[in-house]
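Everything below concerns the one structure shown next.
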Amino acid sequence: MHEVLSYIAENASVADAAIAQRVQLLKRTFNHSRWAIQCRPSADECLCSRGCPTSWLGCRPSRLCSVNGTGLSTDTQIASSRKVSILLYLTFTTRDVRHRYAAQPYRAYKRELRRIMWFLHTARRENVSLPIHVVVAGDRNLTAEAELVQLGAHILETTMVQAPRWTSSFHKFSFNRISALSFTQFDKVIVMDNDMAVLHNFDELAMAETPSLVWHTAAPFMLKLGELCAVTGGLFVLRPSTIEFARAVSHLKSMYDGNRTYRYDGSDQEFWRSFYRNPYELPIRYHATNYLKMPKEEWAKVRAIHFISGFKNVDRRIPAFVRNNMKYQK
């Protein structure tokens with residue numbers, strides 16, 4: 001049986017106003033020490049559901065928040081079903097690359113290709129049974145796509161989602177992930193960033209409610225909004241729907257019809273915050289970032305690591321056994 005939808009259908013202007021009101025309240029009541037316990041990260045923690053302040057319009061704990069990650073009974077029929085798939089995105093156009101690659105735009109494509117190859121390697125190593133589809137659009141390279149197929153991936157074609165006028169030049173391609181809602185051949189999709197690696201099998205994500213995602217300790221720029229936990233867009237569990245995809249595209253076009261007062265980061269994270277009310281929360285173990293401050297024993301429980309690199313090749317903030325799985329790409 002499909003879950004009850006975890007959001008309220010509304011237009012973007014209503015969501016924008018609600019977020020602005022929430023941010024104003026958070027800024028007035030901001031007190032880091034007051035929330036020290038609720039906002040302390042650990043692998044099994046669901047920070048938002050525990051009460052850590054966020055600018056998102058609510059959250060609720062998923063069933064995976066109620067277990068510690070050990071001894072999870074995965075329904076193998078669900079986990080191995082072609083109706084649930086992991087989606088990675090290899091969408092690319094030379095005109096929209098980051099400034100760093102402007103002179104040699106195909107370096108950006110090769111970087112993403114190598115990231116996906118490393119993800120596929122770690123998923124195979126950890127015996128992830130869920131199928132992995134690489135979504136392609138824009139300026140394609142059929143030879144590169146054939147390499148991914150040889151590594152066990154499936155290719156899924158789509159069209160580019162036009163980035164909004166307020167997007168950051170750093171995140172123009174991120175909005176293509178909205179197309180995940182259009183793939184109705186799947187019951188669920190697990191959308192992941194390319195710069196992630198699998199540390200332990202996470203097939204149980206096939207059982208997660210939708211939509212669901214992970215809240216982390218807020219990055220410094222988010223503290224200006226008064227929030228202490230926020231979503232980093234590396235993992236989304238979604239239920240595709242033709243109606244929802246159409247609503248998503250319409251919502252994106254009508255966001256910030258006026259002043260964009262409460263800037264996030266100019267990526268699709270800003271869209272998802274506006275689009276969903278009260279989504280489900282997943283524990284940090286399914287999407288840990290290298291910015292988290294956790295003891296070694298917590299890192300040992302992590303299923304997937306998202307290495308937000310900034311083009312660094314060494315990260316001393318995390319234990320060596322995690323760092324050795326992080327392959328930075330220039």
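The numbering of the sequence shown is our numbering, which starts it at 1 and goes up by one. Glycine included, C-beta positions come from ideal geometry on N, C-alpha and C.
- Leu282 sits away from Pro41, with the two beta carbons spaced by 8 angstroms or more.
- When DSSP assignments are scanned along the segment 207–254, the uninterrupted stretches of beta strand (DSSP E) that are 3 or more residues long and fall wholly within it turn out to be 212–217, 229–238.
- In the structure shown, Arg277 adopts coil according to DSSP, grouped into three states.
- Boundaries of the beta strand (DSSP E) harbouring Leu87: 84–92, taken from the DSSP string.
- For Lys296, the enclosing alpha helix (DSSP H) starts and ends at 296–299.
- Listed in chain order, the beta strand (DSSP E) elements of length 3 or more contained wholly in the segment 137–200 are 154–157, 188–192, 196–198.
- Between Thr210 and Thr289 a beta carbon distance of about 22 angstroms is seen, past the 8 angstroms cut, so the two are scored as non-contacting.
- At least 8 angstroms separates the beta-carbon of Gln38 from that of Gly58.
- Between the alpha carbons of Glu45 and Trp166 lies a distance of about 33 angstroms.
- Fewer than three Cβ pairs drawn from the segment 237–247 and the segment 135–152 lie within less than 8 angstroms of each other, which leaves the two stretches out of contact.
- In this structure, the straight-line span from the alpha carbon of Trp215 to that of Ala103 is close to 36 angstroms.
- Taking 8 angstroms as the cut-off, the Cβ atoms of Pro164 and Leu252 count as close.
- Annotated as distal: Lys296 and Arg285, with beta-carbon spacing of 8 angstroms or more.
- Where Ala36 is concerned, there is no enclosing beta strand (DSSP E), because DSSP gives it neither an H nor an E.
- Taking C-beta atoms under 8 angstroms as the contact rule, Asn176 and Tyr256 fail to qualify, at a distance of about 20 angstroms.
- Listed in chain order, the non-local C-beta contacts of Leu228 below 6 angstroms within the same chain comprise Trp35, Cys39, Cys52, Pro53, Ala218, local neighbours out to five positions each way being set aside.
- In this structure, Ile178 lies near Val161, with their beta-carbon atoms less than 8 angstroms apart.
- Ile116 and Phe275 have their C-alpha atoms some 27 angstroms from each other.
- Gly234 places its beta carbon less than 8 angstroms from that of Met196.
- Inclusion of Arg28 and Ser55 in the CB contact set at 8 angstroms is not warranted, their separation being larger than that value.
- If you draw a straight line from the Cα of Ala12 to the Cα of Lys224, it comes to about 23 angstroms.
- DSSP, reduced to helix, strand and coil, places Val134 within a strand of the structure shown.
- Leu282 carries a strand assignment under DSSP once its states are collapsed to helix, strand and coil.
- Counting the other Cβ atoms within 10 Å of the Cβ of Glu270 gives 16 or more, which makes it buried.
- According to the DSSP assignment, Ile305 belongs to no alpha helix (DSSP H) but to the beta strand (DSSP E) extending over 304–306.
- Our two residues, Asn278 and Ala43, have alpha carbons roughly 22 angstroms apart in a direct line.
- Under DSSP, the beta-bridge partners assigned to Thr289 are His306.
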